[in-house]
Structures are given as C-alpha cells and as structure tokens.
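Below you'll find the structure, written out as structure tokens, and then a few comments.
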C-alpha cells in the first residue's frame, strides 16, 4: 500500500517539476519583438558592430588588392574573386591607402544565399577592404538578387585587360623562344 501511495506522489511531483518552467513563463514579460516597429538588433555604430551582428558585407574595391584571402577563409565558398595580372607599363591605380596594386580585380562576387555571416572573411584581408555593414534585412523575391557583384571595371575594360595580358604572354613566349634559339645556335657554333 505504501508503494502505491509513493508511486502516486512521485507522479504528482514529477508533473509539478515539469510544469515549473511553464508556470515561470506564465508570469514573465513577453520576449516577442514587434519587428517592423522595433528592430531586434541594437543599433550599430560606424566603428563597432554588435556582438550578435550578422550583417551584410561590403567590399571597397579601391582597397581590394585581389589577394583571395577572404575567398580562402570562407567556409561555404560564397566569395569568388577573379584577378588578372597587370602588364608592365599598364597604368594601374594604387590602392586607396597608397599601396601598390599588381592585380586587376575583374570580378568579385558574394553569394548571400550561401553566406553564413560568420565574419571569417574579415580577418585575413590585409587592406581591410571587406567590412560588415549595418544592413541586416535580406528579404528578396528572387534568389539571384542575393548575388552581389563588386567591381570597378566594366566588361569592356576586363576584355581589354585580358587581351593586353594575352598579347604580353605571346610576346614573352616569342622572346623566350628567340632567346633559346640564339643560345642553341651559340652552343652549336661553340661545338664546331
């Protein structure tokens, strides 16, 4: 009989322990954020982002040197950087900070549909060209709108730079072939 009463008491006790969380939340203030009227994130200042920020990225193409550090650091491969070497004698503008630029960044894209907003791409950038903005609303009707392209070059300029690079490479190969032919000729004459 005591075992029966003990089992009933244990059942009632476990229900009360389980209901404790429900009873606590019954008398607490609501935590629901009325989104369009109130923003869930604290306001960000220009120099410091909140710790819980998962904001959109921005790339300053005047600072980007095309090192590909951000693309290598990205765990989900949402960053694509295409570069092209500058031809000697080409008028390459310096970085905004004054550093030398040796690569043209022909295409820089970030696919925000893949991005996990971890911020790992911010650290390896030597010129601090990639930054988080204060924009955190990502609603779009078409997924293609989440593919952001950053570039200071038009398609015509990219085509022109590629042609210049190919021409430079062809001239270099021709010069190397002429040099090898001259060396072979000298070696042959030296043997005779």
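In the numbering used here, the protein residues as written are 467 to 658.
For each residue, glycine too, the CB sits at the ideal point set by N, CA and C.
Just so we're clear, the structure is a prediction, and the values are computed from it rather than from any experiment.
### Query
Do residue 577 and residue 523 have their C-beta atoms within less than 8 Å of each other?
Residue 577 sits at position 111 when you count from the first residue of the chain shown. Residue 523 sits at position 57 when you count from the first residue of the chain shown. No; because the gap between Cβ atoms is not below 8 Å, this pair is not in contact.
### Three-state secondary structure assigned by DSSP to residue 593
The residue you call residue 593 lines up with position 127 of the chain shown. Collapsing the DSSP output to three states places residue 593 in coil.
### Whole-angstrom C-beta distance between residue 568 and residue 593, which should lie under 8 Å
For this step, residue 593 is matched to residue 127 along the chain shown. For this step, residue 568 is matched to residue 102 along the chain shown. Between residue 568 and residue 593 the Cβ distance is about 13 Å, and since that is not below 8 Å, they are no contact.
### Query
Which value, in whole angstroms, describes the spacing of the CA atoms of residue 504 and residue 606?
Within the chain shown, the letter at position 38 stands for residue 504. Within the chain shown, the letter at position 140 stands for residue 606. The alpha-carbon atoms of residue 504 and residue 606 are separated by roughly 20 Å.
### Query
Are the beta-carbon atoms belonging to residue 571 and residue 630 less than 8 Å from one another?
Within the chain shown, residue 571 is the residue found at index 105, counting from 1. Within the chain shown, residue 630 is the residue found at index 164, counting from 1. Taking 8 Å as the Cβ cut-off, residue 571 and residue 630 do not qualify as a contacting pair.
### Task
Note down, in chain order, each residue of its chain lying with its Cβ closer than 6 Å to the Cβ of residue 430, except the 5 sequence neighbours on either side.
Since the first residue shown for the chain is 467 and the last is 658, residue 430 is missing from the structure and cannot be characterised.
### Task
Could you pull out every residue in the same chain whose Cβ sits closer than 6 Å to the Cβ of residue 627, ignoring the five residues on either side in sequence?
The residue you call residue 627 lines up with position 161 of the chain shown. Excluding residues within five positions, the ones whose Cβ falls inside 6 Å are 550 and 570.
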